[in-house]
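242 is the number that my numbering gives to position 229 of the sequence shown; each next residue is one higher, with no gaps.
We treat Cβ as the ideally placed atom computed from N, Cα and C, and that holds for glycine.
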Amino acid sequence: NIQFSWIGLNSLKSYNEFRNEHTGTNPRNVSWELGYPHDSMNKKCVYIQHENGTWKNVECKHKMSTICQRVFSDSLQYKTTFGNCRKGSVSDGPQCYELNSIKLPYNEAEEFCINRGGSVLRIETRYTTMVINRLTQMSYVTYYIGLVYNKNIGNWTWNNGFFVNSKFTNWNYDSEQSFDNFHSPCVIGGYGVKGLGTWRIVDCKEPHYVICQFNPETRKYVLKRQKKKVTMSCTSGYIRIGNKCYAFNEDKKTFAEAQKKCRENNDGYLASFQNFPQAINV
């Protein structure tokens, strides 16, 4: 009978600002035990008390059981016939996206995609973010997106010359860094950026994976896309509670060990709860 378990809430990146490690967000309708969180430089990790669903923050070196979480195994799947588009690509309708197993600096990544008839991907809607997350299979990869900072005009521009649409951006919560730290600022996304698919600023010389996007019409693809029925099933080792998938491990681990355990368990992550009902149901 598990009494206490680590969850993904922590303040490891800031002082007393607790955020979910998976989403980078502050939870709504928080479930802290009365008198918590403790104002402490050392108590940066959070566990849940299963009896009442409330949270306490303690030092990360303590050992607790673990709750891992994962997306539904079959959510957002598409059956796609591509013609000339390579097998393994995905589509959001207007564009095809292809993950390549090489790491390149940004300029070389752009040249690589152009030589293949496309460009480094642009993520201009939340829906495209979901499609790209599916392409990467939620794995711990970081990839360039076609967003660069133009110092001459003082703004971010996409690789097609357009400014960023203010209606959609997906910056990671700690991405506001001084551009002075970088000779040339570029942007990466990915599950490994402390939040699913969120964006972070890096130097353009850093090598990261390359996702190219292609316009099916300009490349004369024969593209047929049929949305499959979403099946809300959990991958092996996880159980469904409400609309989430969870895996419980009674072995006592430190917070860092618990994080590693979840990653090894089908690319899961420490559970994140946005409100009290979610917490108490687990």
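When we look at the beta-carbon of GLU30 and count the other beta-carbons within 10 Å, is it buried (16 or more) or exposed?
Here residue 30 refers to the residue found at position 17 of the sequence shown. With fewer than 16 other Cβ atoms within 10 Å, it is exposed.
Looking only at its own chain, which residues have a Cβ that is under 6 Å from the Cβ of PHE268, when we skip the five neighbours before and after it?
In the sequence shown, residue 268 corresponds to position 255, counting from 1. Once the five neighbours on either side are set aside, the close Cβ partners of PHE268 are TRP19, CYS58 and CYS73.
So is PHE176 buried or exposed if we call it buried at 16+ other beta carbons inside 10 Å?
The residue given as residue 176 occupies position 163 in the sequence shown. Looking at its Cβ environment, which holds fewer than 16 other Cβ atoms inside 10 Å, PHE176 is exposed.
Between the C-alpha atoms of VAL206 and ASN185, what's the straight-line distance to the nearest angstrom?
Sequence index remark: in the sequence shown, residue 206 carries index 193 (1-based). Sequence index remark: in the sequence shown, residue 185 carries index 172 (1-based). Note on VAL206: pLDDT 49, under 50, position unreliable in the model; no value is reported.
Can you list, in chain order, the residues of its chain with a C-beta nearer than 8 Å to that of LYS180? Leave out the 5 residues immediately preceding and following it.
Indexing the sequence shown from 1 puts residue 180 at position 167. Excluding sequence neighbours, LYS180 sits near nothing in its chain.
Which residue wins for smallest C-alpha separation from LYS69, given the options GLY281, LEU22, VAL144 and LYS274?
Along the sequence shown, one-based indexing puts residue 69 at 56. The shortest Cα separation from LYS69 among GLY281, LEU22, VAL144 and LYS274 belongs to LEU22.
For a test of the three-state rule: what should DSSP assign to ALA260, helix, strand or coil?
Position 247 of the sequence shown holds residue 260. Strand, per DSSP.
Smallest Cα separation from TYR259: which of THR149, THR79 and PRO198?
Position 246 of the sequence shown holds residue 259. Cα-wise, what sits closest to TYR259 is THR79.
Hey, out of TYR60, GLY250, SER102 and LYS265, whose CA is closest to LYS145's CA?
Working through the sequence shown from its first residue, we reach residue 145 at position 132. The question names Lys, but residue 145 in the sequence shown is Ile. Checking every option, the nearest Cα to that of ILE145 belongs to SER102.
Strictly by DSSP, which residues pair up with GLY167?
Numbered from its first residue, the sequence shown carries residue 167 at position 154. According to DSSP, which records beta bridges pairwise, GLY167 is partnered with nothing at all.
Considering only their Cβ atoms, is the gap separating ASN278 from CYS126 smaller than 8 Å?
Within the sequence shown, the letter at position 113 stands for residue 126. Within the sequence shown, the letter at position 265 stands for residue 278. No.
Spatial neighbours of ASN163 within its chain, please: C-beta separation below 8 Å, excluding the five flanking residues on both sides.
Within the sequence shown, the letter at position 150 stands for residue 163. Counting only Cβ-Cβ distances below 8 Å, and skipping sequence neighbours, we find TRP169 and THR170.
Who are the near neighbours of LYS218 in its chain, counting only those whose CB is closer than 6 Å to its CB and skipping five residues on each side?
Mapped onto the sequence shown, residue 218 falls at position 205. Closer than 6 Å at Cβ, skipping near neighbours: PRO118.
Report the rounded CA-to-CA distance for ASP52 versus GLN62, giving the unit in angstroms.
Counted from its first residue, the sequence shown places residue 52 at position 39. Counted from its first residue, the sequence shown places residue 62 at position 49. Approximately 19 Å, taken between the alpha carbons.
Measuring only the C-alpha atoms, how far is PRO303 from THR141?
Here the chain covers residues 14 to 295 and nothing more, so residue 303 does not appear.
Output the distance between the C-alpha atoms of ARG32 and LYS76, rounded to the nearest integer angstrom.
For the purposes of this step, residue 32 is taken as residue 19 along the sequence shown, with counting starting at 1. For the purposes of this step, residue 76 is taken as residue 63 along the sequence shown, with counting starting at 1. When rounded, the distance between both Cα atoms is 20 Å.
Closer than 8 Å by C-beta to THR248: which residues in its own chain qualify, once you throw out the five before and the five after it? Chain order, please.
Stepping through the sequence shown from its first residue, residue 248 is reached at position 235. Excluding sequence neighbours, THR248 sits near ARG83, SER86, CYS258 and ASN279.
Counting C-beta neighbours from all protein chains within 10 Å, is the total for TYR28 16 or more, i.e. buried, or is it exposed?
Your numbering for residue 28 matches position 15 in the sequence shown. Classification of TYR28: exposed, given that the 10 Å Cβ count is below 16.
Since VAL144 is in the alpha helix (DSSP H), which residue starts that stretch and which ends it?
Position 131 of the sequence shown, counted from the first residue, corresponds to residue 144. Note, VAL144: alpha helix (DSSP H), 139–148.
Whose C-beta lies closer than 6 Å to the C-beta of ARG135 among residues of the same chain, with five residues either side of it excluded?
Within the sequence shown, the letter at position 122 stands for residue 135. Same-chain partners within the cutoff: GLY159 and TRP171.
Return the CA-CA distance between GLU64 and GLN16, expressed in angstroms with no decimal places.
Counting from one through the sequence shown, the residue named residue 64 turns up at place 51. Counting from one through the sequence shown, the residue named residue 16 turns up at place 3. If you take the alpha carbons of GLU64 and GLN16, they lie about 7 Å apart.
Count the other C-beta atoms from every protein chain shown that fall within 10 angstroms of the C-beta of ILE214, then say buried if there are 16 or more, exposed otherwise.
Counted from its first residue, the sequence shown places residue 214 at position 201. Answer is buried; the Cβ neighbour count reaches 16.
Please classify ILE224 as buried or exposed, where buried requires at least 16 neighbouring CB atoms within 10 angstroms.
Numbered from 1 along the sequence shown, position 211 holds the residue referred to as residue 224. That one is buried.
So what does DSSP say about TYR156, is it helix, strand or coil?
Sequence index remark: in the sequence shown, residue 156 carries index 143 (1-based). Three-state result, TYR156: strand.
From what residue to what residue does the beta strand (DSSP E) around TYR60 run?
The residue you call residue 60 lines up with position 47 of the sequence shown. Start and end: 58–62.
Below 6 Å CB to CB, which residues in the same chain sit around PHE195 once its five sequence neighbours on both sides are set aside?
Taking the sequence shown and counting its residues from 1, the one referred to as residue 195 is at position 182. Excluding residues within five positions, the ones whose Cβ falls inside 6 Å are ASP216.
Under 8 Å Cβ to Cβ from GLY281, same chain only, skipping five residues before and after it: list those, please.
Against the sequence shown, residue 281 aligns to sequence position 268. Cβ within range, chain order: CYS81, GLN82, ARG83, TYR251, ALA260 and CYS275.
Residue range of the alpha helix (DSSP H) that GLU124 falls in?
Against the sequence shown, residue 124 aligns to sequence position 111. Note, GLU124: alpha helix (DSSP H), 119–128.
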